[in-house]
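Converting from the sequence shown to my numbering requires adding 35 to each position, the first position being numbered 1.
In this text, a Cβ means the ideal position worked out from N, Cα and C, and glycines have one as well.
Just so it is clear, the structure is predicted and the values come from calculations on it, not from any experiment.
Heads up: the structure comes next, in structure tokens.
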Amino acid sequence: MEIRNLLILVLLMVIVPLLIGTIWAGLVQIDHKIKYIAFSWLTGFLTMMALTQMIAVPMVLRRQHFHPFQCAYSAVLVIACVIAVVVLLFRWKRKKTVWAKQEKMSWTTILFVLGAVFLIGIQTYFVSAYQHIDDDDSRFVVEEVMAVERNVMYTLNPVTGALSFWDMGEVRKDMVSPWTMFVAYISKISDIPPAILSHRYLPVFLIPMCYIVYAMIGLFFFENNREKTSIFLIFISALQMYGYSSTHTISALMLLRIWQGKALVASLFIPMMFYLICELLEKNEKKIWYAVTALTGLAGALASGIGITALPVVIGVGGIVNLFHRGGVKKTVKIWCTAIPSVICLLCYLFFWQLLKVYF
Numbered sequence: 036m037e038i039r040n041l042l043i044l045v046l047l048m049v050i051v052p053l054l055i056g057t058i059w060a061g062l063v064q065i066d067h068k069i070k071y072i073a074f075s076w077l078t079g080f081l082t083m084m085a086l087t088q089m090i091a092v093p094m095v096l097r098r099q100h101f102h103p104f105q106c107a108y109s110a111v112l113v114i115a116c117v118i119a120v121v122v123l124l125f126r127w128k129r130k131k132t133v134w135a136k137q138e139k140m141s142w143t144t145i146l147f148v149l150g151a152v153f154l155i156g157i158q159t160y161f162v163s164a165y166q167h168i169d170d171d172d173s174r175f176v177v178e179e180v181m182a183v184e185r186n187v188m189y190t191l192n193p194v195t196g197a198l199s200f201w202d203m204g205e206v207r208k209d210m211v212s213p214w215t216m217f218v219a220y221i222s223k224i225s226d227i228p229p230a231i232l233s234h235r236y237l238p239v240f241l242i243p244m245c246y247i248v249y250a251m252i253g254l255f256f257f258e259n260n261r262e263k264t265s266i267f268l269i270f271i272s273a274l275q276m277y278g279y280s281s282t283h284t285i286s287a288l289m290l291l292r293i294w295q296g297k298a299l300v301a302s303l304f305i306p307m308m309f310y311l312i313c314e315l316l317e318k319n320e321k322k323i324w325y326a327v328t329a330l331t332g333l334a335g336a337l338a339s340g341i342g343i344t345a346l347p348v349v350i351g352v353g354g355i356v357n358l359f360h361r362g363g364v365k366k367t368v369k370i371w372c373t374a375i376p377s378v379i380c381l382l383c384y385l386f387f388w389q390l391l392k393v394y395f
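Laid out in structure tokens, this is it:
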């Protein structure tokens with residue numbers, strides 16, 4: 036693998052989402068540097084996924100080739116990055132971002148932080164360095180390969196290679212959750228084969244991203260206490276490493292096949308949605324959290340059909356909890372409204388054939 040390929044991969048998976056995510060981090064008004072960087076990377080990646088969902092689904096329905104999607108998505112990413120740079124320069128000029136003064140960490144806290152980082156690093160290394168063969172890759176990775184090599188998006192059956200009929204089985208679900216096209220885009224631009232990208236390199240980025248969500252949950256419940264949050268991350272890491280009671284646990288999905296969309300929903304999106312609901316249930320919540328919640332729902336719809344159905348359920352339960360806990364009907368309705376992007380994707384799936392006939 037050439038250094039150039041890896042640099043492009045880092046650009047797409049780190050620099051671009053980090054840059055785009057600074058818009059969200061500034062709106063949320065995060066004043067801690069490390070949290071600002073982590074939150075920017077996370078929300079920037081979610082924004083990239085949401086943009087993919089909005090661009091790819093209509094093009095898939097029109098049976099467009101992969102190359103037009105590649106060009107359109109690249110243009111949108113460039114525009115998003117330019118907007119992010121302009122916003123950053125504006126904030127820097129106006130000195131909008133003021134960092135909070137950090138207390139010096141004790142040696143005990145440093146040890147716990149290093150322990151958490153070590154465990155997360157070990158998990159990431161083993162998933163990346165050692166291959167797990169999963170039967171579902173016979174569909175997901177093949178769809179990515181066909182997009183890169185044959186310039187098609189779901190028009191050929193990944194098993195037989197014959198012309199694919201849309202209104203049937205797994206293919207229909209993939210149409211409204213085109214996660215594999217996102218992976219294929221990364222593969223095409225970086226010139227790294229889809230199988231190598233999925234098995235070796237995606238875990239390097241996705242597993243730490245999942246733990247960023249858990250770190251945010253810890254900081255929320257432990258009131259920004261870094262020592263307690265580090266212990267919480269160590270506890271979560273232990274649960275993940277010893278949670279292989281079946282192939283369908285969150286631990287198995289995260290540490291065996293994180294490159295698949297449904298694994299990403301279980302490991303990243305459901306915990307992220309839980310965190311966002313906790314933020315929305317605060318008495319004086321920031322209004323921007325509603326937009327981040329809607330963004331997360333749309334990004335989760337890209338990952339898998341499970342994301343389309345599960346994330347609105349989490350939002351719905353959050354609204355009910357607010358109704359009984361806070362007693363505010365207006366706020367409950369606002370929480371439920373964040374599920375609108377997910378509901379639209381769900382309706383596209385349920386009425387797929389009718390939508391297809393109208394769209395054509």
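Chain-order list of residues whose beta-carbon lies under 7 Å from that of Trp324 (same chain, five-residue window excluded): Leu311, Glu314, Leu315
Run through the DSSP bridge pairs and tell me what Leu191 is partnered with. Leu198
Kindly indicate which three-state DSSP category Asn259 falls into: helix, strand or coil? coil
Which class does Met276 belong to by DSSP, given the choice of helix, strand or coil? helix
Asp66 to Ile155 span [Cα, whole Å]: In a straight line, the C-alpha of Asp66 is about 25 Å away from that of Ile155.
By the three-class DSSP mapping on this structure, what secondary structure does His102 have? helix
Per DSSP, what kind of secondary structure is Asp169 in: helix, strand or coil? coil
Run the CB neighbour count on Asp209, radius 10 Å, all protein chains shown included, and call it buried at 16 or more, exposed below. buried
Segment contact flag, the segment 74-87 with the segment 331-350, C-beta cutoff 8 Å, min 3 pairs: yes
CB of Arg361 within 9 Å of CB of Lys318, strictly: yes
Do Lys223 and Gln105 have their C-beta atoms within less than 9 Å of each other? yes
Residue nearest to Ile72 in terms of C-alpha spacing, selected from Met83, Val122, Leu54: Leu54
Alpha carbon of Met181 to alpha carbon of Asn40, nearest angstrom: 20 Å
Using a 10 Å radius around the Cβ and a threshold of 16 neighbouring Cβ atoms, would you call Tyr160 buried or exposed? exposed
Is Gly362 helix, strand or coil by DSSP? coil
Please classify Val162: is it buried, with 16 or more other beta-carbons within 10 angstroms of its beta-carbon, or exposed? buried
Residue range of the unbroken alpha helix (DSSP H) whose run includes Leu77: For Leu77, the enclosing alpha helix (DSSP H) has its first and last residue at 68-96.
Could you tell me which of Ile341, Gly340, Val349 sits nearest to Thr328, measuring between CA atoms? Val349
Leaving out the 5 sequence neighbours to the left and right, which residues in its chain are closer than 8 Å to Val239 when beta-carbon positions are compared? Thr159, Ser163
Would you call Ser173 buried or exposed, if buried means 16 or more other Cβ atoms sit within 10 Å of its Cβ? exposed
Expressed to the nearest angstrom, what Euclidean distance is found between the alpha-carbon atoms of Tyr189 and Leu382? Cα to Cα, Tyr189 sits roughly 20 Å from Leu382.
For the alpha helix (DSSP H) that contains Leu290, what are its first and last residues? Leu290 -> alpha helix (DSSP H) spans 285-291.
Delimiting residues of the alpha helix (DSSP H) encompassing Phe309: 305-315
Can you list, in chain order, the residues of its chain with a C-beta nearer than 8 Å to that of Val211? Leave out the 5 residues immediately preceding and following it. Val92, Ala336, Gly340, Ile343, Cys380, Cys383, Tyr384, Phe387
Once the 5 residues before and after Phe22 are set aside, which same chain residues still bring their CB inside 6 Å of it? Nothing in the structure corresponds to residue 22, since the chain is present only between 36 and 395.
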